[in-house]
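See structure below.
Residue numbers (the numbering used here): 48 to 268.
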């Protein structure tokens, strides 16, 4: 498992370098360049630094642009390696070990793929809704959050970040390749808020207005 995670991380960074010069990536980097941060994080490819959330977004856009990163097909489908953008930034912030970053990557993959196995979000919600959950868990592990902080990070990550499936249909725009990057950006932001003690809507999964009643709306197996 660790060997496969290392391969996925290397492959994902290669995908980011391949997408570096794309227009969406340039826009994301230009946006990132407007921000300086007391906790600077690296944008892949040129030594640029910015705030943690914008580094995650810029890296995520580059990772996804070519659509060459790994995919997973089940009841729902997507690219679990998109969550590596959040893992890398969180690991840099925390000065985490390589071992912790690998563990965080595996955790993000497990969450994404198992939720995709459980049900289809279409025709209303996009798979990056699941990606936000996976990115929260990967970032939380990288940052060393405890159980309660991780729970609150999930609450804060899920409730405000239900992405619409219209991203994939109709007049498909640049946003299609940016949507998971945005989910990872929001996931990292939620995780950092939870790290400082902010609480979120609960119970976010099984509550009357929660994930299981609004997004899946069916058996969650």
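Ideal placement from N, C-alpha and C gives every residue a C-beta, glycine not left out. Since the model is a prediction, treat every value here as computed from it, not as a measurement.
Rounded to whole angstroms, what's the CA-CA distance from residue 78 to residue 199? Just pull it up for me.
Position 31 of the chain shown, counted from the start, is the residue given in the question as residue 78. Position 152 of the chain shown, counted from the start, is the residue given in the question as residue 199. Distance between the alpha carbons of residue 78 and residue 199: 28 Å.
So, do the segment 138-154 and the segment 181-195 have three or more beta carbon pairs nearer to each other than 8 Å?
Touching, yes, given that three or more Cβ pairs across the two stretches are closer than 8 Å.
Ends of the alpha helix (DSSP H) at residue 235?
Taking the chain shown and counting its residues from 1, the one referred to as residue 235 is at position 188. Run containing residue 235: 226-242, per the alpha helix (DSSP H) assignment.
What runs of the alpha helix (DSSP H), each 4 residues or longer, lie entirely inside the segment 62-104?
With a minimum length of 4 residues, the continuous alpha helix (DSSP H) runs that stay inside the segment 62-104 are 70-79.
Taking three-plus beta-carbon pairs below 8 Å as touching, is the segment 96-104 in contact with the segment 143-154?
Touching, no, given that fewer than three Cβ pairs across the two stretches are closer than 8 Å.
Identify which residue in 56, 161, 216 has its Cα closest to the Cα of residue 181.
Locating residue 181 in the chain shown gives position 134, counting from the first residue. Cα-wise, what sits closest to residue 181 is 161.
Kindly indicate which three-state DSSP category residue 211 falls into: helix, strand or coil?
The residue given as residue 211 occupies position 164 in the chain shown. Strand.
Can you list, in chain order, the residues of its chain with a C-beta nearer than 8 Å to that of residue 72? Leave out the 5 residues immediately preceding and following it.
Residue 72 sits at position 25 when you count from the first residue of the chain shown. Answer for residue 72: 66, 105, 108, 109, 112, listed in chain order.
Inspect the beta-carbon positions of residue 128 and residue 116 and report whether they are closer than 8 Å.
Numbered from 1 along the chain shown, position 81 holds the residue referred to as residue 128. Numbered from 1 along the chain shown, position 69 holds the residue referred to as residue 116. Result yes, Cβ atoms of residue 128 and residue 116 sit closer than 8 Å.
Tell me which same chain residues have a C-beta within less than 8 Å of the C-beta of residue 92, skipping the five on either side of it?
Mapped onto the chain shown, residue 92 falls at position 45. Contacts found: 63, 64, 67, 109.
Comparing alpha-carbon positions, which option in 207, 211, 137, 195 lies nearest residue 171?
Numbered from its first residue, the chain shown carries residue 171 at position 124. Out of 207, 211, 137, 195, 211 has the C-alpha closest to the C-alpha of residue 171.
Please state the DSSP three-state secondary structure of residue 112.
Within the chain shown, numbered from 1, the residue matching residue 112 stands at position 65. Of the three classes helix, strand and coil, the one that applies to residue 112 here is helix, per DSSP.
Which whole runs of the beta strand (DSSP E) in the segment 128-212 are 3 residues long or more, in chain order?
The segment 128-212 contains no whole beta strand (DSSP E) run of 3 or more residues.
Just to confirm, is the Cβ distance from residue 256 to residue 203 under 8 Å?
Mapped onto the chain shown, residue 256 falls at position 209. Mapped onto the chain shown, residue 203 falls at position 156. No, they are not a contact pair.
Measure the alpha-carbon distance for residue 207 versus residue 75 and round it to whole angstroms.
One-based indexing of the chain shown puts residue 207 at position 160. One-based indexing of the chain shown puts residue 75 at position 28. Answer to the nearest angstrom: the Cα atoms are 22 Å apart.
So, with DSSP's three-state summary, where would you put residue 107?
Against the chain shown, residue 107 aligns to sequence position 60. Of the three classes helix, strand and coil, the one that applies to residue 107 here is helix, per DSSP.
Going by Cα to Cα distance, which pick from 201, 197, 193 is closest to residue 177?
As a first step, residue 177 is located in the chain shown; it is residue number 130 there, counting from the start. Taking only the C-alpha atoms, the option nearest residue 177 is 201.
Measure the C-alpha to C-alpha separation of residue 254 and residue 244 and round it to an integer number of angstroms.
Walking along the chain shown from the start, residue 254 turns up at place 207. Walking along the chain shown from the start, residue 244 turns up at place 197. Distance between the alpha carbons of residue 254 and residue 244 is about 22 Å.
Report the rounded CA-to-CA distance for residue 167 versus residue 118, giving the unit in angstroms.
For the purposes of this step, residue 167 is taken as the residue at position 120 of the chain shown. For the purposes of this step, residue 118 is taken as the residue at position 71 of the chain shown. When rounded, the distance between both Cα atoms is 16 Å.
Look at the alpha carbon of residue 179 and the alpha carbon of residue 231, and state the distance between them as a whole number of angstroms.
As a first step, residue 179 is located in the chain shown; it is residue number 132 there, counting from the start. As a first step, residue 231 is located in the chain shown; it is residue number 184 there, counting from the start. Cα to Cα, the separation comes out at about 6 Å.
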